[in-house]
Amino acid sequence: RGCGGECITVVPATGANGQTTSTIRMLEDSCMACLNRAKKAPGDAVRIVNLPTALTTNVTHKYGENAFKLHGLPTPRPGSVLGLLGTNGIGKSTALKVLAGRLKPNLGNLKEPPDWNKIMQYYRGSDLQNYFTAFLEDELRVATKVQLDTDFVRLLKGKKVGELLKSRDQRGAWEEMATKLELMHLLEREVQSLSGGELQRFCIACAAVRDAEVYMFDEPSSFLDCRQRMTATDVIRELVGIGSLEGAGGKKDARYVIAVEHDLAVLDAMSDYVCCLYGEAGAYGV
Numbered sequence: 001r002g003c004g005g006e007c008i009t010v011v012p013a014t015g016a017n018g019q020t021t022s023t024i025r026m027l028e029d030s031c032m033a034c035l036n037r038a039k040k041a042p043g044d045a046v047r048i049v050n051l052p053t054a055l056t057t058n059v060t061h062k063y064g065e066n067a068f069k070l071h072g073l074p075t076p077r078p079g080s081v082l083g084l085l086g087t088n089g090i091g092k093s094t095a096l097k098v099l100a101g102r103l104k105p106n107l108g109n110l111k112e113p114p115d116w117n118k119i120m121q122y123y124r125g126s127d128l129q130n131y132f133t134a135f136l137e138d139e140l141r142v143a144t145k146v147q148l149d150t151d152f153v154r155l156l157k158g159k160k161v162g163e164l165l166k167s168r169d170q171r172g173a174w175e176e177m178a179t180k181l182e183l184m185h186l187l188e189r190e191v192q193s194l195s196g197g198e199l200q201r202f203c204i205a206c207a208a209v210r211d212a213e214v215y216m217f218d219e220p221s222s223f224l225d226c227r228q229r230m231t232a233t234d235v236i237r238e239l240v241g242i243g244s245l246e247g248a249g250g251k252k253d254a255r256y257v258i259a260v261e262h263d264l265a266v267l268d269a270m271s272d273y274v275c276c277l278y279g280e281a282g283a284y285g286v
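Counted the way the UniProt record's numbering counts, the sequence shown spans residues 1 to 286.
Structure follows, in structure tokens:
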């Protein structure tokens, strides 16, 4: 909207039949003409992103031609807290979706996305093979603490803190979590009336009371003061060794815990090991 077509006029675009066209298509294996067009695009609409040549392989997931792609994948370990550190738009949420089983990795193949057999073959011999195998065999359930946004609050509008916390409790731990995270005086409050810090502690508690094999926390320290951040850190670290509900299978193995954070000090206290994501944030360009 409001585009004067500067990127086309600087170097006329040529279609497949060799004739000049009024549309333009950006290709990843760009030529000098494409680079000149990108430089002329107003408002940084098209960007030139320089990537290391080493990143032509080891692609975990790609969203489309000339779109964001994630290289590599953090490896969670049972009984440990994995911390993910990186700027916004760098792939932390994509990595979480893959590890949570909500996004099937295409390994960079857009035309013929691999099936799970090929994906397992790709990760053969690594800890991720065991992790994905457990997922495919329905041995891993995931409890997620999502980022706080208006859509999340809207979904819970009109519901009370205590009511929701008790309904999500699968370990008989709602009262313990409510006490540790200072929620006892908020049990009769409706979710939409909570402050940012109160809502954050409530979301952490809702994830922590679930009985799951994988716990994921997306930015759990936002809106919390220093003391509350350390309390949240203790709650999250305790999850790696919790017992499970009694069942025919007996006690389960240690849990996987994954935390995404921007605060390095908090992540250092929370995690047993940290994976740093780096590169260029998602952009449309060449």
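In this text, a Cβ means the ideal position worked out from N, Cα and C, and glycines have one as well.
All figures in this text were calculated on a predicted structure; none of them were measured in a lab.
Nearest-angstrom Cα distance between residue i and residue j?
i: residue 86; j: residue 262; result: 7 Å
i: residue 254; j: residue 235; result: 15 Å
i: residue 175; j: residue 241; result: 19 Å
i: residue 191; j: residue 143; result: 19 Å
i: residue 123; j: residue 214; result: 19 Å
i: residue 194; j: residue 150; result: 12 Å
i: residue 229; j: residue 118; result: 41 Å
i: residue 238; j: residue 41; result: 51 Å
i: residue 286; j: residue 64; result: Model confidence at residue 286 stands at a pLDDT of 39, short of 50, so the residue's coordinates are unreliable; what they give is reported in the following sentence. Cα-Cα distance, rounded: 13 Å.
i: residue 90; j: residue 280; result: 7 Å
i: residue 287; j: residue 155; result: No answer is possible for residue 287: it lies beyond the span of the chain, which begins at 1 and ends at 286.
i: residue 145; j: residue 206; result: 8 Å
i: residue 268; j: residue 211; result: 25 Å
i: residue 226; j: residue 270; result: 13 Å
i: residue 135; j: residue 218; result: 20 Å
i: residue 272; j: residue 182; result: 26 Å
i: residue 223; j: residue 199; result: 9 Å
i: residue 125; j: residue 189; result: 50 Å
i: residue 111; j: residue 105; result: 13 Å
i: residue 169; j: residue 163; result: 10 Å
Which of the three DSSP states, helix, strand or coil, is assigned to residue i?
i: residue 111; result: coil
i: residue 90; result: coil
i: residue 172; result: coil
i: residue 273; result: strand
i: residue 190; result: strand
i: residue 248; result: The predicted position of residue 248 is uncertain, since its pLDDT is 34 and thus under 50; a value taken from the coordinates is nonetheless stated next. It is coil, neither helix nor strand.
i: residue 104; result: coil
i: residue 227; result: helix
i: residue 267; result: helix
i: residue 241; result: helix
i: residue 211; result: coil
i: residue 75; result: coil
i: residue 232; result: helix
i: residue 99; result: helix
i: residue 65; result: coil
i: residue 281; result: coil
i: residue 178; result: helix
So, residue i versus residue j, is the Cβ gap smaller than 8 Å?
i: residue 157; j: residue 231; result: no
i: residue 148; j: residue 196; result: yes
i: residue 153; j: residue 187; result: no
i: residue 259; j: residue 98; result: no
i: residue 266; j: residue 221; result: yes
i: residue 209; j: residue 184; result: no
i: residue 103; j: residue 71; result: no
i: residue 264; j: residue 92; result: no
i: residue 128; j: residue 75; result: yes
i: residue 95; j: residue 107; result: no
i: residue 256; j: residue 113; result: no
i: residue 216; j: residue 67; result: no
Specify, as a first and last residue, the run of the beta strand (DSSP E) that residue i falls within.
i: residue 62; result: 59–62
i: residue 167; result: From DSSP, residue 167 is part of no beta strand (DSSP E) but of the alpha helix (DSSP H) over 161–168.
i: residue 258; result: 256–261
i: residue 85; result: 80–85
i: residue 216; result: 214–218
i: residue 118; result: Per DSSP, residue 118 belongs to no beta strand (DSSP E); it is in the alpha helix (DSSP H), 116–122.
If I follow the unbroken alpha helix (DSSP H) through residue i, where does it start and stop?
i: residue 70; result: Careful: residue 70 lies outside any alpha helix (DSSP H), inside the beta strand (DSSP E) at 69–71.
i: residue 199; result: 196–208
What residue ranges within the region 125–163 form continuous beta strand (DSSP E) runs of no fewer than 3 residues, ordered along the chain? 142–145
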